[in-house]
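J.: Protein chains in written order, with my numbering: chain A, 96 to 370; chain B, 72 to 302; chain C, 317 to 536; chain D, 3 to 60. Beta carbons: idealized from backbone N, C-alpha and C, even for Gly.
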């Protein structure tokens with residue numbers, strides 16, 4: 096493949112991803128709210144097509160175009176999906192943390208909805224990223240789970256955020272749920288560095304780990320294209336999940352922070368419920 | 072006329088801690104059950120592993136902390152259940168008692184409870200698993216205190232939350248266990264080093280990790296707890 | 317309290333709403349209770365009386381609007397308001413495993429009273445629980461709990477006393493005692509807000525009346 | 003070209019542990035990734051707010 100093609104793919108995928116993220120933020124503001132009248136179909140179709148095209152290109156680059164690795168042979172090709180998935184999971188955890196802090200500083204249903212969306216989408220990417228890591232471990236280390244520090248730390252964080260989602264399910268009062276889950280989100284995120292160090296030290300006492308080699312320059316392109324493709328997917332997932340969360344919130348409370356209707360007399364007449 | 076005047080945070084903590092310990096003492100039947108539960112847990116590990124004394128001795132630190140962890144879920148869950156009857160937590164808030172003082176007193180109370188439980192479990196562990204405390208009682212108690220504090224601080228926040236949720240008995244361990252894995256890891260490792268000797272000077276890093284964990288979570292609990300209980 | 321010429325109203329509700337989930341327990345309630353007057357809250361079950369009292373007592377924050385006690389906002393100056401108000405609610409705020417005396421002592425110490433022992437003993441005698449002071453609350457009858465709860469309220473020496481169904485679960489003698497205690501509170505200059513179904517007793521104790529229906533103020 | 007070939011054969015002789023094959027793991031990994039992404043997209047589609055008349059999903 097020519098250098099020109101290389102550059103086009105590299106910068107094109109980045110540009111596409113950034114444009115989609117920008118559009119995603121715009122749609123999150125204009126289209127996701129329940130009362131939105133916006134017709135977002137053309138934009139959404141475009142974004143989805145961009146995701147699929149880039150995913151296909153990334154798959155081709157990773158599975159066909161990239162050369163074999165000197166030590167890992169073909170098996171290393173798994174990292175083209177595994178690593179971007181982990182990156183996206185980390186990104187959503189940071190986003191979730193930001194939402195949690197923001198909600199405690201200033202209560203807002205949109206922040207709460209985004210926190211919910213980011214945690215769930217993060218669990219998706221982290222979950223299958225972890226499974227991919229285990230699959231990668233089988234031919235590399237001979238076992239599915241070798242207590243590799245990165246994977247182990249990620250697994251602990253995933254369980255932590257599963258508990259976060261469980262808490263959201265188990266609290267019915269939406270106001271309390273939002274506050275409590277924000278507190279739990281902050282506490283969970285603060286654990287990240289501690290988990291990392293503890294797991295690293297814990298492992299280093301046993302053996303030095305043969306971690307996957309950090310990526311060769313020639314493989315960087317495949318990894319980048321795949322990562323940008325995943326970022327587009329992440330944006331789309333977050334956008335749709337955020338919209339669902341907003342609609343759920345609307346069903347639970349009167350959005351946007353509406354006051355009760357101001358006509359008691361007229362309501363009393365046709366009120367069917369007896370106090 | 073009686074005139075109330077604001078009291079310091081420290082004094083409020085002392086009053087509230089005294090109240091919690093008094094309740095704990097007056098309901099000591101429950102406390103006894105907790106002690107026997109954790110003793111039974113220690114005993115169960117030996118049956119689960121089999122009569123391999125070497126294996127038991129090597130893993131003694133881990134078993135001790137698992138037993139403490141299981142007991143801690145019960146103790147933590149109870150610490151806000153006593154405040155739910157008659158909405159006494161509301162009564163405290165409106166008294167007014169500083170919510171941060173409520174956090175500190177509850178977390179300290181749970182720490183005291185767990186350290187006491189640990190102090191009872193350690194001799195049993197020594198006898199049951201045939202280990203000896205190579206580094207002496209001082210480091211052992213230090214690690215015990217650090218580990219119990221590490222469980223108590225996030226445990227208190229989560230207990231206050233889970234107590235008002237559905238399925239609270241499942242929710243508390245579900246939220247707490249993954250969070251305190253690093254603390255459990257560090258405490259179990261440090262205990263093993265205290266029991267078996269520390270030729271490579273690793274005890275410092277593990278206790279450092281425990282101290283860091285404690286600083287973060289006592290700090291976060293102090294700041295965030297008022298948001299949990301105030302509406 | 318300092319009764320300056322421009323003394324703020326004892327209680328002021330500015331467009332107060334409280335939402336639980338989708339349900340509005342209080343809807344755009346505005347009301348002002350002048351100094352030196354006492355308020356009777358009436359309304360069916362679920363009309364918002366308890367919610368209103370809990371808002372004023374700072375157990376909850378209003379979803380919209382402001383509640384002011386003696387001119388102080390219940391959210392912005394929460395601790396100051398908490399020193400002014402005391403709530404007698406359905407829940408007694410009592411620790412079942414502590415004795416009556418211990419329950420009062422905890423509160424007395426939290427309030428920083430100069431002599432918690434004296435205050436507790438004095439109040440136990442006043443509500444007629446002097447002989448049962450060392451019994452755990454778990455052994456108390458509903459009426460005795462009510463008495464202990466009112467002792468708890470008196471301990472705070474509030475300037476605004478919020479009484480949610482104070483006559484509930486009391487025998488006729490108890491009701492008389494309660495009426496006497498409320499009368500004494502009023503005589504000592506305490507503003508009383510009373511929510512009760514016993515409208516006769518309520519009207520004899522209070523000058524003002526607010527009738528709630530579905531979280532709104534309506535003419536009684 | 004020839005050097006590459008030489009190096010490869012040399013490595014093979016020395017027994018440099020290049021992992022051979024393993025395509026079943028690769029397919030499994032990519033399959034799981036694509037399957038989870040599609041399933042999640044499907045779940046978003048199923049959970050979409052019904053109120054909206056314009057349904058927008060890939």
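1) How would you label residue 13(B), buried or exposed, when you count the other beta carbons within 10 angstroms and need 16 or more for buried?
2) Suppose the cutoff is 7 angstroms on Cβ atoms and the five residues either side in sequence are ignored; what does the same chain contact list for residue 185(B) look like?
3) Let me know if residue 271(B) comes out buried or exposed under the rule of 16 or more other beta-carbons within 10 Å of its beta-carbon.
4) Residues of the region 404-431 of chain C in Cβ contact with chain B at a cutoff of 7 angstroms, in chain order, please.
5) Just confirm the distance between the C-beta atoms of residue 217(A) and residue 256(A), as a whole number of angstroms; I'd bet it's less than 8 angstroms.
6) Looking only at its chain, what residues have a beta carbon closer than 6 angstroms to the beta carbon of residue 250(B), apart from the 5 residues adjacent to it on each side?
7) Among the residues of its own chain, which have a CB less than 7 angstroms from the CB of residue 232(B), if the five just before and after it don't count?
8) Kindly list, in the order they appear in chain A, the residues whose Cβ is closer than 7 angstroms to that of residue 335(C).
9) Excluding the 5 residues preceding and the 5 following residue 316(A) in the sequence, name in chain order all residues of the same chain whose CB lies nearer than 7 angstroms to its CB.
10) What residues from chain B crowd round residue 275(A), counting only those whose CB sits closer than 7 angstroms?
11) Among 280(A), 125(A), 121(A) and 232(A), which one has its Cα closest to the Cα of residue 193(A)?
12) Three or more beta-carbon pairs under 8 angstroms between the region 445-453 of chain C and the region 473-485 of chain C, yes or no?
13) When burial is assigned at 16 or more other CB atoms within 10 Å of the CB, is residue 289(B) buried or exposed?
14) Mind checking whether residue 478(C) and residue 402(C) have CB atoms under 8 angstroms apart?
15) Please report the distance separating the alpha-carbon of residue 154(B) from that of residue 411(C).
16) From the DSSP output, in three-state form, read off residue 339(C) for me.
17) Would you please verify whether the beta carbon of residue 329(A) is less than 8 angstroms from any beta carbon of chain D?
18) Considering Cα atoms alone, identify which of 188(B), 199(B), 152(B) and 103(B) is closest to residue 120(B).
19) Buried or exposed, going by whether 16 or more other CB atoms sit within 10 Å of the CB of residue 417(C)?
20) With a cut-off of 8 angstroms on the beta carbons, I'd call residue 158(B) and residue 409(C) a contact; round off their distance for me.
21) Helix, strand or coil: how does DSSP classify residue 532(C) here?
22) Check the Cβ of residue 207(A) against every Cβ in chain C and list those closer than 9 angstroms, keeping chain order.
23) Below 8 angstroms CB to CB, which residues in the same chain sit around residue 236(B) once its five sequence neighbours on both sides are set aside?
24) Using a Cβ-Cβ distance cut-off of 8 angstroms, determine whether residue 38(D) contacts chain A.
25) With C-beta atoms as the reference, is residue 395(C) less than 8 angstroms away from residue 297(B)?
26) Quick check on DSSP: helix, strand or coil for residue 303(A)?
27) Do you know how far the Cα of residue 282(B) is from the Cα of residue 511(C)?
28) Taking DSSP's pairing of strands, which residues face residue 269(A) in a bridge?
29) How many whole angstroms separate the CB atoms of residue 35(D) and residue 227(A), which I take to be in contact at a CB cut-off of 8 angstroms?
30) Tell me which residues share the same chain as residue 390(C) and place their Cβ nearer than 6 angstroms to its Cβ, disregarding the 5 neighbours each side in the sequence.
31) Please identify the residue among 141(B), 201(B), 105(B) and 287(B) whose C-alpha is closest to the C-alpha of residue 245(B).
32) Check whether the Cβ of residue 258(B) lies closer than 8 angstroms to any Cβ atom in chain A.
33) Does the separation of the CB atoms of residue 265(B) and residue 211(B) fall below 8 angstroms?
34) Can you list the residues of chain C that residue 146(B) reaches, using a CB-CB cut of under 7 angstroms?
35) Might you give, ordered along the chain, the residues of its own chain that have their beta carbon closer than 7 angstroms to the beta carbon of residue 340(A), omitting 5 neighbours on each side?
36) Nearest by alpha-carbon distance to residue 172(B): which of 247(B), 203(B) and 77(B) is it?
T.: Checking against the coordinates, here is how it stands:
1) The requested residue 13(B) is not part of the displayed model; chain B covers only 72 to 302.
2) Contacts found: 139, 143, 146, 219, 222 and 223.
3) exposed
4) 407, 408, 409, 410, 411, 412, 413, 414, 418, 422, 423, 425, 426, 427, 428 and 429
5) 7 angstroms
6) 225
7) 299
8) 348
9) 101, 104, 105 and 156
10) 232 and 299
11) 280(A)
12) Taking 8 angstroms as the limit for Cβ pairs, the verdict is that the region 473-485 of chain C does not touch the region 445-453 of chain C.
13) It counts as buried.
14) yes
15) 8 angstroms
16) In this structure, DSSP gives residue 339(C) an extended state, which the three-state scheme calls strand.
17) no
18) Nearest neighbour of residue 120(B) by Cα position, chosen from 188(B), 199(B), 152(B) and 103(B), turns out to be 199(B).
19) buried
20) 6 angstroms
21) If DSSP states are grouped into helix, strand and coil, residue 532(C) belongs with the strands.
22) Ordered by position in chain C, no residue passes the 9 angstroms Cβ test against residue 207(A), which lies about 14 angstroms from the chain.
23) So the list reads 242, once near-sequence residues are dropped.
24) At least one chain A Cβ lies under 8 angstroms of residue 38(D).
25) no
26) Note that residue 303(A) scores 42 on pLDDT, short of 50, meaning its location in the model is unreliable and no value can be drawn from it.
27) 52 angstroms
28) Residue 269(A) is not bridged to any residue.
29) 6 angstroms
30) 374, 383 and 397
31) 141(B)
32) By the rule that beta-carbons nearer than 8 angstroms mark a contact, residue 258(B) does not touch chain A.
33) yes
34) Within 7 angstroms Cβ-Cβ: nothing; residue 146(B) doesn't reach chain C, min ~16 angstroms.
35) 208, 211 and 212
36) 77(B)
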